[in-house]
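Counting from 37, one number per residue, gives the positions in the sequence shown under the numbering used here.
Note that CB positions come from ideal geometry on N, CA and C, so glycine has one too.
Since the model is a prediction, treat every value here as computed from it, not as a measurement.
Following: one structure in structure tokens, then a few remarks.
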Amino acid sequence: MGEVPEFIDLRSDTVTLPTDEMLEAIKHAELGDDVFREDPTVNTLEEMAAKTLGKDAALLVTSGTQANLISLMSNTKRGDMVLLEAESHIYWYEVGAISAVAGLMPWPIKSALGALDPERIQAALRPKNIHFPDTTLICIENTHNRHGGTVITPRQIEAISEIAKTNDLKLYMDGARIFNAAVALKTDVKKLSKHVDNLMFCLSKGLSCPVGSIVVGEAEFIEKARKTRKILGGGMRQAGIIAAPGIIALEKMISRLEEDHKNARALAEGLAETTGVEVELRNVQTNIVYFDVHTLGITSEEIVSKLKENGVLALTLDKNIVRMVTHLGIEKVHIDRTLNAVEDIARKL
Ligand code: TLP
Numbered sequence: 037m038g039e040v041p042e043f044i045d046l047r048s049d050t051v052t053l054p055t056d057e058m059l060e061a062i063k064h065a066e067l068g069d070d071v072f073r074e075d076p077t078v079n080t081l082e083e084m085a086a087k088t089l090g091k092d093a094a095l096l097v098t099s100g101t102q103a104n105l106i107s108l109m110s111n112t113k114r115g116d117m118v119l120l121e122a123e124s125h126i127y128w129y130e131v132g133a134i135s136a137v138a139g140l141m142p143w144p145i146k147s148a149l150g151a152l153d154p155e156r157i158q159a160a161l162r163p164k165n166i167h168f169p170d171t172t173l174i175c176i177e178n179t180h181n182r183h184g185g186t187v188i189t190p191r192q193i194e195a196i197s198e199i200a201k202t203n204d205l206k207l208y209m210d211g212a213r214i215f216n217a218a219v220a221l222k223t224d225v226k227k228l229s230k231h232v233d234n235l236m237f238c239l240s241k242g243l244s245c246p247v248g249s250i251v252v253g254e255a256e257f258i259e260k261a262r263k264t265r266k267i268l269g270g271g272m273r274q275a276g277i278i279a280a281p282g283i284i285a286l287e288k289m290i291s292r293l294e295e296d297h298k299n300a301r302a303l304a305e306g307l308a309e310t311t312g313v314e315v316e317l318r319n320v321q322t323n324i325v326y327f328d329v330h331t332l333g334i335t336s337e338e339i340v341s342k343l344k345e346n347g348v349l350a351l352t353l354d355k356n357i358v359r360m361v362t363h364l365g366i367e368k369v370h371i372d373r374t375l376n377a378v379e380d381i382a383r384k385l
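Structure representation (structure tokens):
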């Protein structure tokens, strides 16, 4: 590390490759048939995950999208209404599975920075009435991707959970990047999981594993989730090869997320100093940076393609906004080179 690779890939933390230690662990993993619950490496990872998040049990699944779908289906019955944040990943980026597969009606609620306002949840709740679907679930997302990797605090989660409890609703958290939230808040991740009934987190993002996400919750819920995973064709056999790097991720990859946050901050501050580039610095709380390029008189697609010519890969959020994500393998030298590339493009416009 340290040398500049051909492309500086800031599209997502999903592009991280497994570390040498992970590859070694895959090679030596003890394996068995996980549908029979006989893969010792999977069992170890699931126990570790449950313990780390302070819940009874855990289930290894193939992806974040599958984890969300399994959790939606295991927390509800078909036809129910689900309250969720209007910019949430479940609502935007999961191919409509909430309706197409789970048969649920999503009810989006707007928020300022990703944390649902209890008053808005209250206002969205409907009384029992023959015309209305049953509302049975609230979903939150932490960190919140489309709001900029923003963090939802334990206190905010607790306030939402009080409404959930009072109204007999389940509370689920898409915690794809929950360890980024815990590291940013300098808090034990259990404080973030405490007030939700169940949650998922991803191994394959900042934690650098090649594959996998984990659903965590009460034993009974996880049993149901296990069966739901099977219905969706997600039962895996010698899944220890996926679980082995997951064990290393939980042991060793969490504390280094702090570096990604520092790099994201340096990137955001540098971008904010570039004429014509707008960054909402208060939204840059973890490893995601969004910036607006409309003042440069260029679309986000156009600048992303110019950046690619300069060796930097990024994604767009919409017509004006570009997204960059820091992760393992991105270091200060790459941030500096990225800032130079953006400044160069801006100057020539
Ligand atoms: N997000 C991906 C893309 O799908 C946008 C990314 O690059 O950020 N929840 C959240 C909050 C996520 O950000 C993601 C992935 C998922 C769920 C889905 O995880 P995967 O990609 O494993 O299905």
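What are the start and end residues of the beta strand (DSSP E) that includes residue i?
i, result
"S249", "249 to 253"
"P190", "Segment 190 to 202 is the alpha helix (DSSP H) holding P190; no beta strand (DSSP E) there."
"L235", "234 to 238"
Is residue i near ligand 1 - that is, is its Cβ less than 7 Å away from at least one heavy atom of it?
i, result
"H183", "no"
"H297", "no"
"S229", "no"
"S147", "no"
"H363", "no"
"D328", "no"
"A122", "no"
"T101", "yes"
"C245", "no"
"C175", "no"
"D210", "yes"
"N104", "yes"
"S336", "no"
"T50", "yes"
"H167", "no"
"S240", "yes"
"S249", "yes"
"Y391", "No information on residue 391 is available, as it lies outside the stretch 37 to 385 that the chain covers here."
Would you say residue i reaches chain E, if we count a Cβ-Cβ gap shorter than 8 Å as a contact?
i, result
"A377", "The displayed structure is made up of one protein chain only, and chain E is not part of it."
Residue i bridges to which residues according to DSSP?
i, result
"T55", "Note: T55 sits in no beta bridge, so no partner."
"K206", "L173"
"D328", "E314, I357"
"V225", "For V225, which the question treats as bridged, DSSP gives no partner whatsoever."
"H180", "T186"
"L120", "P144, C175"
"D45", "L349"
From which residue to which residue does the alpha helix (DSSP H) around residue i run?
i, result
"M84", "76 to 89"
"N376", "368 to 384"
"L307", "293 to 308"
"I284", "276 to 284"
"V320", "Counting along the chain, V320 falls outside any alpha helix (DSSP H), and DSSP gives it neither H nor E."
Inset, instruction - Could you tell me whether the stretch 55 to 70 touches the stretch 169 to 187, using the rule of 3 or more Cβ pairs below 8 Å? - result: no
Inset, instruction - At 4 residues or longer, and completely inside the stretch 92 to 116: list those alpha helix (DSSP H) runs for me, N to C. - result: 100 to 111
Inset, instruction - Would you check if there are 3 or more beta carbon pairs closer than 8 Å linking the stretch 311 to 318 to the stretch 367 to 375? - result: no
Inset, instruction - May I have a chain-ordered list of the beta strand (DSSP E) segments no shorter than 3 residues that lie completely inside the stretch 129 to 155? - result: 141 to 145
Legend entry - At least 3 beta-carbon pairs within less than 8 Å: the stretch 347 to 357 vs the stretch 316 to 328: yes
Legend entry - contact_flag[the stretch 221 to 231, the stretch 190 to 210] where n(CB pairs < 8 Å) is 3 or more: yes
Inset, instruction - Check whether the stretch 158 to 173 touches the stretch 82 to 98, counting contact only when three or more Cβ pairs, one atom from each stretch, lie closer than 8 Å. - result: no
Inset, instruction - Count the CB pairs spanning the stretch 295 to 304 and the stretch 126 to 145 that are closer than 8 Å, and state whether there are at least three. - result: no
Inset, instruction - Say whether the stretch 267 to 282 touches the stretch 240 to 256, bearing in mind that this needs 3 or more beta-carbon pairs closer than 8 Å, one atom from each stretch. - result: yes
Inset, instruction - Count the C-beta pairs between the stretch 262 to 273 and the stretch 333 to 350 that are closer than 8 Å, then say yes if the count reaches three, no if not. - result: no
Legend entry - Contact the stretch 288 to 296 vs the stretch 360 to 372: 3+ CB pairs below 8 Å: yes
Inset, instruction - Give a yes or no on contact between the stretch 258 to 267 and the stretch 128 to 136, applying the rule of three or more CB pairs nearer than 8 Å. - result: no
Inset, instruction - Indicate whether the contact test is met: 3 or more Cβ pairs, each with one atom in the stretch 197 to 207 and one in the stretch 74 to 82, closer than 8 Å. - result: no
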